[in-house]
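Count along the sequence shown from 1, then add 432; that gives the number in the working numbering.
A quick write-up on the structure given underneath.
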Amino acid sequence: MSDDAVHVGSFDELDPRTAYSLWQLREAVFVVEQECPYPELDGRDLEAGTRHL
């Protein structure tokens, strides 16, 4: 059986460690693996209606 779980929430619902972990993962995927030269932190995460998984 898997211990994996999916959590959905707004930026304000994320604790600092979870937010940091998400940023690390996103950086690894978009900047490193996809060689995307654009800044990942563009402010869109803070917009109302944005949900994080």
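C-beta atoms are modelled at their ideal positions from N, C-alpha and C, and glycine is treated no differently.
Check                                                                                                    : Outcome
Compare the beta carbon distance of F443 and L473 with 9 Å and say whether it is the shorter of the two. : no
What separation, rounded to the nearest whole angstrom, lies between the Cα atoms of G475 and E459?      : 15 Å
List the residues that DSSP assigns as beta-bridge partners of H484.                                     : G441
Rounded to the nearest angstrom, what separates L528 and E467 at their Cα positions?                     : With the chain running from 433 to 485 in the structure shown, residue 528 is simply not present.
Please list the terminal residues of the continuous alpha helix (DSSP H) segment that includes P448.     : P448 to R458
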